[in-house]
Amino acid sequence: MNDLRTRLRVCSTEDVDWDSALRVEIEDLVLAVFNVNGMFYVTDDLCTHGPGSLSEGFLEGHEIECDFHNGKFDVRTGQVTAPPCMVPVKTYNVTVEGTDVMIDV
Ligand code: FES
């Protein structure tokens, strides 16, 4: 069976400060890259509740709080952890190769 996934380089590990987030536009994707204690996670940047940009939210541990209406998601799974969000945010499988943060799309 063919593996149709494509791997994309999103950014360098050095582009994302410790315990913070970076917005990245690549191809037709707008992504939020999170550095949590040196581990990298990638989600869609757009909050599923509205126009909030998750990379501009407040990151505490693995939880990102949208700065629009304070909904929260777990950046590891995309699951909602606080309302008013109802729909999980899309996450991507991340690998780090050297200093390259890569995702499968
Ligand atoms: S737009 Fe993110 S919580 Fe409303």
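At position 28 of the sequence shown (counting the first as 1) the number is 30 in our numbering, and the numbers step up by one without a gap.
Idealized CB from N, CA, C, for every residue including glycine.
The structure displayed is predicted, hence computed values, not measured ones.
>> When you compare the CB positions of Asp46 and Arg25, do they come within less than 7 Å of one another, or not?
In response: Not a contact, by the Cβ cut-off of 7 Å.
>> Please report the distance separating the alpha-carbon of Phe75 from that of Thr50.
In response: Rounded to the nearest angstrom, the two C-alpha atoms are 10 Å apart.
> Hey, Phe42 and Thr15 are a contact pair by Cβ (cut 8 Å); roughly how many whole angstroms apart?
Replying inline: With a Cβ gap of about 7 Å, Phe42 and Thr15 count as contacting.
> Counting by C-beta, which residues lie closer than 6 Å to a heavy atom of the ligand FES, in chain order?
Replying inline: What you get when you keep residues with a C-beta closer than 6 Å to any heavy atom of the ligand FES is Cys49, His51, Gly52, Pro53, Gly54, Cys68, Phe70, His71, Gly73, Pro86 and Cys87.
> Cα separation between Asn72 and Leu61?
Replying inline: Going from the Cα of Asn72 to the Cα of Leu61 covers about 11 Å.
>> By alpha-carbon positions, which one of Glu58, Asp21 and Val77 ends up nearest to Asp69?
In response: For Asp69, the closest alpha carbon among the candidates Glu58, Asp21 and Val77 is that of Glu58.
> What's the gap between the Cα of Gly40 and the Cα of Asp21?
Replying inline: Per the coordinates, the alpha-carbon of Gly40 lies some 8 Å from the alpha-carbon of Asp21.
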